[in-house]
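Before any comments, here is the structure.
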Amino acid sequence: MSTGYILAFTTGLLGGFGHCIGMCGPLVASYTLYEKDTFSRFSALLPHLLYNAGRITTYVFIGALMGISGSFVNTAGKLSGIQNTAGILAGAFMIVMGLGITGVFKEIRIMEMHNSLILRMMKNVRESDSSWRYFPFGLLLGFLPCGLSYSVFIGAAATGSMPSAMFFVLCFGLGTIPALLLFGLVLTYLSARIRGWIYRTSGVVVIITGIYFLVRGLMSHAQV
Amino acid sequence: MAGIVAIMLTLSCSRPHDAAGTDCRIDKNPCMKTIIPGGVTAVFDIRPKPVKMMSALFFNLSLSKGDRPMADADVLLHLTMPGMYMGEHKVVMSNKGGGTYEGSSVIPRCPSGRRIWKAAFIINEANNGSSGPITAEYTFEVKEQ
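Read top to bottom, the protein sequences are chains H and P. Using my numbering, read the first sequence as starting at 1 and increasing by one per residue. Using my numbering, read the second sequence as starting at 225 and increasing by one per residue.
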């Protein structure tokens, strides 16, 4: 196997602990804390596996585009609108999850008061019991602008062929899994044991992070 | 729990005051350094200006030793972001002759808002006997796209 692929995997592995937990950790925290308690190991693992599978699928798709075009700048330019939209939706999602964690929804029944499309979508996300919703969630959030993945996409574009670029990015994505999976499982374990104001405070922090993502996405959108 | 999320926030959102901590105003002029071991003078430049993230950039390094250009070196550029792991970002610098080395790449945008990058050139001089490679490092700020 080419050293380039090993390097991509190592970048994912190191970046997972050194970068992804900081940047994507709040997102993982938002859905992990929101999930209902589970006593099955597989049920606890499934949302994280599906989220990561979705995220890596998007990476491979972007890698394919980079490989076809052979140009990071051109491809990234075309994807910037989608990436900013992903940032805005991620922020909105985190705010909804954060409100769910704090228990605000139970108090004000906001979903019954409004009927807009976005609120209906969020209601579906909030009330769905299926873990499979985390696959499309991962697909969407794979588009989030990320400096580390940009570096890898630059390398993918330089491979000059679609299969090589896809495999290069796949190696990177697989490398990022251990850190985010471990982080998610630790949070799952903790969230099942922490209750009361500490738990609700986490919800507030998730809301603040969601507002940060939302504002950042809107500002990037305005710049395009 | 809140502490963990707060730490993550700090990691993801902290934004060191840009321009502080830089030693190269790449937007204004090329940056010159004299590397003590070997007495090599290395002049670093990036084109086009202003130097922006997410756009095609040409990195240029001119090497000289005393009055004569250092035309027989292997040069590799490592781009890193101080305080944030951004992957292995290496650029092979091709020898353009006359002590000039050039490579092209892109500096990615970090959504955290950080804009300071470090360019570390690893210079291997041919026929240099037992002494190892020398390094020229420059820390500079890039503009938003």
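Glycine included, every Cβ here is placed at the ideal spot set by N, Cα and C.
Beta-carbon proximity of residue i to residue j, cut-off 7 Å
i       : j       : result
L301(P) : G327(P) : yes
Y51(H)  : G138(H) : yes
M317(P) : Y309(P) : no
G87(H)  : L144(H) : yes
L55(H)  : G160(H) : The sequence as given places Arg at residue 55(H); Leu does not occur at that position. No.
A343(P) : L281(P) : no
I331(P) : E365(P) : no
G226(H) : G311(P) : Beyond the ends of chain H as shown, which are 1 and 224, falls residue 226(H); an answer cannot be given.
R333(P) : M277(P) : yes
L13(H)  : G175(H) : yes
F72(H)  : I154(H) : yes
F172(H) : T11(H)  : yes
S279(P) : V267(P) : no
G63(H)  : V205(H) : no
A297(P) : I347(P) : yes
G91(H)  : G217(H) : yes
A179(H) : M66(H)  : no
D269(P) : T363(P) : no
Where residue i sits in the DSSP three-state scheme
i       : result
N348(P) : strand
F143(H) : coil
V315(P) : strand
G321(P) : strand
S80(H)  : helix
N253(P) : coil
P293(P) : strand
T209(H) : helix
S329(P) : strand
R41(H)  : helix
V267(P) : strand
S164(H) : helix
I260(P) : coil
C171(H) : helix
V299(P) : strand
C24(H)  : helix
M277(P) : coil
T57(H)  : helix
S71(H)  : coil
T363(P) : strand
S130(H) : coil
T246(P) : coil
S286(P) : strand
Check: residue i C-beta below 6 Å from any heavy atom of the ligand SAM
i       : result
C248(P) : The ligand SAM is absent from the structure shown, which contains no ligand whatsoever.
Exposure label - residue i; buried when at least 16 CB within 10 Å
i       : result
G245(P) : exposed
W132(H) : exposed
E368(P) : exposed
N370(P) : In the structure as shown, chain P begins at 225 and stops at 369. Residue 370(P) is therefore absent and cannot be evaluated.
Y189(H) : exposed
D291(P) : exposed
V186(H) : exposed
N84(H)  : buried
M219(H) : exposed
G25(H)  : buried
P335(P) : buried
P47(H)  : buried
Cross-chain neighbours of residue i in chain H, by beta carbon under 7 Å
i       : result
E312(P) : L7, T11
P306(P) : In chain order: nothing, as chain H lies at least about 13 Å away.
Beta-carbon neighbours of residue i, restricted to chain H and to distances below 8 Å
i       : result
Y309(P) : L14, G15, G18, H19, L148
Chain-ordered neighbours of residue i on chain P, where CB pairs are closer than 7 Å
i       : result
A76(H)  : M278
P145(H) : R333, P335
Under 9 Å by beta carbon: chain H residues contacting residue i
i       : result
P272(P) : Chain H residues near P272(P): none, gap ~13 Å exceeds 9 Å.
V316(P) : In chain order: nothing, as chain H lies at least about 10 Å away.
Within chain P, the residues that residue i reaches when beta carbons sit closer than 8 Å
i       : result
S151(H) : M310, G311, E312, H313, P332
F137(H) : Result: empty, since nearest Cβ-Cβ is about 18 Å, beyond 8 Å.
I154(H) : H313, S329, V330, P332
Where residue i meets chain P, residues with beta-carbon distance less than 9 Å
i       : result
R55(H)  : Simply none; closest approach about 16 Å.
P178(H) : Under the 9 Å cutoff, chain P gives no residues; its nearest Cβ is about 15 Å from P178(H).
V215(H) : Here the premise fails: no neighbours, minimum Cβ distance about 11 Å.
Determine contact between the stretch 196 to 213 of chain H and the stretch 89 to 97 of chain H, defined as no fewer than three beta-carbon pairs at a distance below 8 Å.
Two segments are said to touch when three or more pairs of C-beta atoms, one from each, lie closer than 8 Å; by this definition the stretch 196 to 213 of chain H touches the stretch 89 to 97 of chain H.
If we count Cβ pairs, one from each stretch, closer than 8 Å, do we get three or more for the stretch 140 to 151 of chain H versus the stretch 48 to 60 of chain H?
At 8 Å Cβ cutoff, the stretches touch.
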